[in-house]
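**Student:** Once you've had a glance at the structure underneath, I'll fire off some questions.
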Amino acid sequence: MLTVHYIFDPMCGWCYGATELVAQLQQRAWQGELALMLHPGGMMPRRAIDPSFRQHILQADQRIAELTGAEFGEAYQQRVASNGPLVLDSLITAQAIIAGQTLGIDGVDLLKSIQQAHYQHGLDVADEATLAELAKDLGADATKWKDAMAAAAPKLDGAVQQTRELMGRFGAQGFPTLLVESDAGWQSLAHQSYYGNPAGWSRVLDELID
1 MLTVHYIFDP MCGWCYGATE LVAQLQQRAW QGELALMLHP GGMMPRRAID
51 PSFRQHILQA DQRIAELTGA EFGEAYQQRV ASNGPLVLDS LITAQAIIAG
101 QTLGIDGVDL LKSIQQAHYQ HGLDVADEAT LAELAKDLGA DATKWKDAMA
151 AAAPKLDGAV QQTRELMGRF GAQGFPTLLV ESDAGWQSLA HQSYYGNPAG
201 WSRVLDELID
């Protein structure tokens, strides 16, 4: 079967911008037309964002919104623009996705939930309690979630290393990256031209599957 490898980072604004494209891949996976594998990138180990860098983030978000149609919520923008604490952590959010998948939660669903919580509602997704609430909303039992997070922790470094090796193998420069694996070999999937063009993206997937 055709496999699409999605190289992503929960704290990457461009990955948030690609939400609708990934949703189509998810739908195709549900229909059995392809397999979708998620590979977390570990772009930003836990760090407090300096006020001097926050304007850069907001400017980048504006560019992402213009090109992709992604909506950045007022609560999020106010949080970034404020002098209050702003901690970002690609690793704990990736760990949550690994944990969720072991509990049968769709990784794309949890990624989208994390992205919405951060980019729309301005919630602190670097906080484990926030992640637990998001998982609960997707049906996770609190005790099982805690155990799954603990079990996912030692898997995280290996998952990120695997992602970086995959990126290096194919010369991928950043997030998001989509790679297609089939009987004919591997190829990159140039998604950038289809931001805001879901019909065109659907035709691309039709051609791949055929």
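Under the UniProt record's numbering, the first residue of the sequence shown is numbered 1, with each subsequent residue one higher.
We treat Cβ as the ideally placed atom computed from N, Cα and C, and that holds for glycine.
1) When you compare the segment 169 to 180 with the segment 44 to 62, are there three or more beta-carbon pairs, one atom per stretch, that lie closer than 8 Å?
2) With H, G and I counted as helix, E and B as strand and the rest as coil, what does DSSP make of residue 211?
3) Is the beta carbon of residue 39 closer than 8 Å to that of residue 76?
4) In chain order, what residues of the same chain have a beta carbon less than 6 Å from the beta carbon of residue 1, not counting five sequence neighbours either side?
5) What is the DSSP secondary structure of residue 128, counted as helix, strand or coil?
6) Quick check: residue 145 and residue 129, are their CB atoms within less than 8 Å of each other?
7) With a Cβ-Cβ cutoff of 8 Å, do residue 3 and residue 37 count as a contact?
8) Mind checking residue 10: buried by the 16 CB within 10 Å criterion, or exposed?
9) Apart from the five residues just before and just after residue 22, which ones in its own chain have a Cβ nearer than 7 Å to its Cβ?
10) The beta strand (DSSP E) that contains residue 170, what's its start and end?
11) Going by DSSP, name the residue or residues bridged to residue 178.
12) Have a look at the DSSP bridge pairing and note the partners of residue 186.
13) Please confirm whether residue 94 and residue 149 have their CB atoms less than 8 Å apart.
14) Can the beta-carbon of residue 91 be found closer than 8 Å to that of residue 46?
15) From residue 67 to residue 19, what distance separates their C-alpha atoms?
16) Excluding the 5 residues flanking residue 186 on each side, which residues of the same chain have their C-beta closer than 8 Å to its C-beta?
17) Classify residue 64: buried if its beta carbon has 16 or more other beta carbons within 10 angstroms, exposed otherwise.
18) Can you tell me which of 136, 172, 124 and 164 puts its alpha carbon nearest to the alpha carbon of residue 85?
**Tutor:** In short, the structure shows the following:
1) no
2) Nothing about residue 211 can be read from this structure; the chain reaches only from 1 to 210.
3) no
4) 35
5) helix
6) no
7) yes
8) buried
9) 6 and 108
10) Here residue 170 belongs to no beta strand (DSSP E); instead the alpha helix (DSSP H) covers 142 to 170.
11) 6
12) 181
13) no
14) yes
15) 13 Å
16) 170, 179 and 180
17) buried
18) 124
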